[in-house]
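Taking it in order: structure first as C-alpha coordinates, then the write-up.
Residue numbers (this note's numbering): 349 to 535.
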(Lines of atoms letter the chains of each structure in order from A and count residues from 1; the text may use other names and numbers.)
(Lines give C-alpha, C1' and ligand atoms only; values in the text may rest on other atoms or scores of the structure.)
Protein backbone atom coordinates (compact mmCIF):
# COMPACT_ATOMS: atom_id res chain seq x y z
CA UNK A 1 0.00 0.00 0.00
CA UNK A 2 1.05 3.58 -0.57
CA UNK A 3 2.87 6.24 1.34
CA UNK A 4 -0.18 7.88 2.98
CA UNK A 5 -3.62 6.38 3.54
CA UNK A 6 -7.02 7.87 2.79
CA UNK A 7 -10.75 7.27 2.88
CA UNK A 8 -12.73 8.27 -0.19
CA UNK A 9 -16.50 8.59 -0.36
CA UNK A 10 -18.05 7.40 -3.59
CA UNK A 11 -21.59 6.79 -4.81
CA UNK A 12 -22.52 3.13 -4.90
CA UNK A 13 -23.54 3.48 -8.55
CA UNK A 14 -20.02 4.69 -9.41
CA UNK A 15 -18.50 1.71 -7.60
CA UNK A 16 -20.77 -0.61 -9.55
CA UNK A 17 -19.40 0.81 -12.83
CA UNK A 18 -15.84 -0.27 -12.04
CA UNK A 19 -16.00 -3.10 -9.52
CA UNK A 20 -16.48 -5.98 -11.97
CA UNK A 21 -14.25 -4.72 -14.78
CA UNK A 22 -11.85 -7.19 -16.36
CA UNK A 23 -8.34 -6.06 -17.17
CA UNK A 24 -9.25 -5.83 -20.85
CA UNK A 25 -12.35 -3.73 -20.12
CA UNK A 26 -10.31 -1.52 -17.82
CA UNK A 27 -7.75 -0.84 -20.55
CA UNK A 28 -10.42 -0.25 -23.21
CA UNK A 29 -12.54 2.13 -21.12
CA UNK A 30 -9.92 3.99 -19.10
CA UNK A 31 -6.47 3.18 -20.51
CA UNK A 32 -4.26 5.74 -22.19
CA UNK A 33 -2.80 4.09 -25.34
CA UNK A 34 0.02 6.62 -25.54
CA UNK A 35 1.16 5.40 -22.09
CA UNK A 36 0.89 1.66 -22.79
CA UNK A 37 -2.70 1.67 -21.51
CA UNK A 38 -1.80 3.20 -18.18
CA UNK A 39 -4.90 3.72 -16.03
CA UNK A 40 -4.88 6.39 -13.36
CA UNK A 41 -6.88 5.51 -10.26
CA UNK A 42 -8.14 9.10 -10.15
CA UNK A 43 -9.44 8.81 -13.72
CA UNK A 44 -11.20 5.60 -12.77
CA UNK A 45 -13.08 7.19 -9.85
CA UNK A 46 -13.30 10.90 -10.75
CA UNK A 47 -16.36 11.46 -8.56
CA UNK A 48 -14.78 9.98 -5.44
CA UNK A 49 -14.11 12.54 -2.74
CA UNK A 50 -11.28 12.28 -0.23
CA UNK A 51 -12.94 12.62 3.18
CA UNK A 52 -10.16 11.62 5.57
CA UNK A 53 -6.38 11.37 5.56
CA UNK A 54 -4.86 8.89 7.98
CA UNK A 55 -1.28 9.74 7.12
CA UNK A 56 1.41 7.07 7.34
CA UNK A 57 0.14 3.80 8.79
CA UNK A 58 2.89 1.29 8.10
CA UNK A 59 4.01 0.94 11.74
CA UNK A 60 0.80 -0.47 13.24
CA UNK A 61 -2.11 -2.74 12.30
CA UNK A 62 -4.53 0.04 11.23
CA UNK A 63 -4.44 -0.91 7.53
CA UNK A 64 -5.16 -4.57 8.28
CA UNK A 65 -7.98 -3.70 10.67
CA UNK A 66 -9.69 -1.28 8.28
CA UNK A 67 -9.26 -3.58 5.26
CA UNK A 68 -10.76 -6.46 7.24
CA UNK A 69 -14.06 -4.56 7.50
CA UNK A 70 -14.57 -4.75 3.74
CA UNK A 71 -13.23 -6.46 0.66
CA UNK A 72 -10.91 -5.79 -2.23
CA UNK A 73 -12.34 -3.08 -4.46
CA UNK A 74 -12.05 -5.11 -7.65
CA UNK A 75 -13.50 -8.57 -8.12
CA UNK A 76 -11.04 -9.41 -10.91
CA UNK A 77 -7.67 -10.27 -9.33
CA UNK A 78 -5.73 -8.90 -12.34
CA UNK A 79 -7.41 -5.53 -11.94
CA UNK A 80 -6.81 -5.51 -8.18
CA UNK A 81 -3.17 -6.36 -8.89
CA UNK A 82 -2.95 -3.48 -11.39
CA UNK A 83 -3.79 -1.13 -8.50
CA UNK A 84 -1.80 -3.00 -5.86
CA UNK A 85 0.26 0.11 -5.08
CA UNK A 86 -2.98 1.68 -3.82
CA UNK A 87 -4.32 -1.44 -2.07
CA UNK A 88 -7.91 -0.28 -2.66
CA UNK A 89 -10.55 -1.82 -0.44
CA UNK A 90 -14.27 -1.25 -0.48
CA UNK A 91 -15.29 -0.54 3.11
CA UNK A 92 -18.25 1.04 4.85
CA UNK A 93 -19.56 2.26 8.17
CA UNK A 94 -17.73 -0.49 10.06
CA UNK A 95 -14.40 0.94 8.82
CA UNK A 96 -15.24 4.27 10.41
CA UNK A 97 -16.24 2.54 13.64
CA UNK A 98 -12.90 0.68 13.73
CA UNK A 99 -11.05 3.92 12.90
CA UNK A 100 -12.76 5.67 15.82
CA UNK A 101 -11.74 2.81 18.10
CA UNK A 102 -8.14 2.97 16.84
CA UNK A 103 -7.94 6.74 17.36
CA UNK A 104 -9.54 6.47 20.80
CA UNK A 105 -6.85 4.02 21.81
CA UNK A 106 -4.12 6.23 20.33
CA UNK A 107 -5.34 9.17 22.41
CA UNK A 108 -5.50 7.05 25.57
CA UNK A 109 -2.01 5.67 24.92
CA UNK A 110 -0.62 9.14 24.30
CA UNK A 111 -1.95 10.45 27.61
CA UNK A 112 -0.83 7.32 29.44
CA UNK A 113 2.70 7.80 28.04
CA UNK A 114 2.64 11.51 28.88
CA UNK A 115 1.57 10.74 32.44
CA UNK A 116 4.34 8.15 32.75
CA UNK A 117 6.90 10.60 31.39
CA UNK A 118 5.81 13.24 33.88
CA UNK A 119 5.81 10.78 36.78
CA UNK A 120 9.33 9.58 35.98
CA UNK A 121 10.77 13.08 35.72
CA UNK A 122 13.32 13.54 38.47
CA UNK A 123 12.90 17.26 39.06
CA UNK A 124 10.18 19.86 38.96
CA UNK A 125 12.07 21.56 36.12
CA UNK A 126 11.93 18.37 34.03
CA UNK A 127 8.18 18.11 34.65
CA UNK A 128 7.66 21.73 33.65
CA UNK A 129 9.63 21.16 30.45
CA UNK A 130 7.38 18.20 29.56
CA UNK A 131 4.25 20.29 30.19
CA UNK A 132 5.72 23.15 28.18
CA UNK A 133 6.47 20.96 25.15
CA UNK A 134 3.01 19.43 25.22
CA UNK A 135 1.41 22.86 25.61
CA UNK A 136 3.43 24.27 22.68
CA UNK A 137 2.28 21.43 20.44
CA UNK A 138 -1.36 22.20 21.19
CA UNK A 139 -0.95 25.95 20.91
CA UNK A 140 0.62 25.56 17.47
CA UNK A 141 -2.64 24.22 15.98
CA UNK A 142 -4.78 26.89 17.61
CA UNK A 143 -2.41 29.72 16.64
CA UNK A 144 -2.44 28.55 13.02
CA UNK A 145 -6.26 28.56 13.03
CA UNK A 146 -6.16 24.92 11.97
CA UNK A 147 -8.42 23.37 14.57
CA UNK A 148 -11.75 24.84 13.47
CA UNK A 149 -12.45 25.91 9.92
CA UNK A 150 -15.94 27.23 9.28
CA UNK A 151 -15.31 27.64 5.55
CA UNK A 152 -14.41 24.03 4.75
CA UNK A 153 -16.61 20.96 4.87
CA UNK A 154 -14.44 19.06 7.29
CA UNK A 155 -14.38 19.94 10.96
CA UNK A 156 -10.66 20.61 11.46
CA UNK A 157 -7.30 20.80 9.76
CA UNK A 158 -5.31 19.53 12.73
CA UNK A 159 -3.40 16.24 12.66
CA UNK A 160 -3.76 15.69 16.39
CA UNK A 161 -5.59 12.45 17.17
CA UNK A 162 -7.75 14.24 19.74
CA UNK A 163 -9.08 16.50 16.99
CA UNK A 164 -9.24 13.98 14.16
CA UNK A 165 -11.39 11.59 16.16
CA UNK A 166 -14.21 14.14 16.01
CA UNK A 167 -13.88 14.25 12.23
CA UNK A 168 -14.31 10.47 12.15
CA UNK A 169 -17.35 10.60 14.44
CA UNK A 170 -18.88 13.32 12.26
CA UNK A 171 -18.39 11.17 9.14
CA UNK A 172 -19.80 8.12 10.92
CA UNK A 173 -22.95 10.03 11.84
CA UNK A 174 -23.53 11.94 8.59
CA UNK A 175 -22.66 9.70 5.64
CA UNK A 176 -25.66 8.11 3.98
CA UNK A 177 -24.42 4.54 3.62
CA UNK A 178 -27.47 3.61 1.55
CA UNK A 179 -26.11 5.90 -1.17
CA UNK A 180 -22.35 5.90 -0.59
CA UNK A 181 -19.50 3.44 -0.15
CA UNK A 182 -16.03 4.16 1.15
CA UNK A 183 -12.77 3.24 -0.51
CA UNK A 184 -9.73 2.87 1.73
CA UNK A 185 -6.42 3.17 -0.11
CA UNK A 186 -2.91 4.49 0.00
CA UNK A 187 -0.74 6.43 -2.44
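Just so you know, even glycine gets a beta-carbon here, dropped at the ideal spot from N, CA and C.
Please read these numbers as outputs of a predicted model, since none were measured by experiment.
Asked, Found
"Taking the C-alpha atoms as reference points, what is the distance between residue 478 and residue 465?", "8 Å"
"Residue 508 by DSSP, collapsed to three states: which one?", "coil"
"Alpha carbon to alpha carbon, how far is residue 482 from residue 365?", "48 Å"
"Which residue from 510, 528, 379 puts its Cα closest to that of residue 453?", "510"
"Please list the terminal residues of the continuous alpha helix (DSSP H) segment that includes residue 524.", "That residue, residue 524, is in no alpha helix (DSSP H); it is neither H nor E in DSSP."
"Buried or exposed: residue 419, going by 16 or more other Cβ atoms within 10 Å of its Cβ?", "exposed"
"Taking 8 Å as the cut-off, does the region 436–445 touch the region 495–502 (at least 3 CB pairs, one atom from each stretch)?", "no"
"Assuming residue 389 is part of the beta strand (DSSP E), what are its boundary residues?", "Counting along the chain, residue 389 falls outside any beta strand (DSSP E), though it belongs to the alpha helix (DSSP H) covering 389–392."
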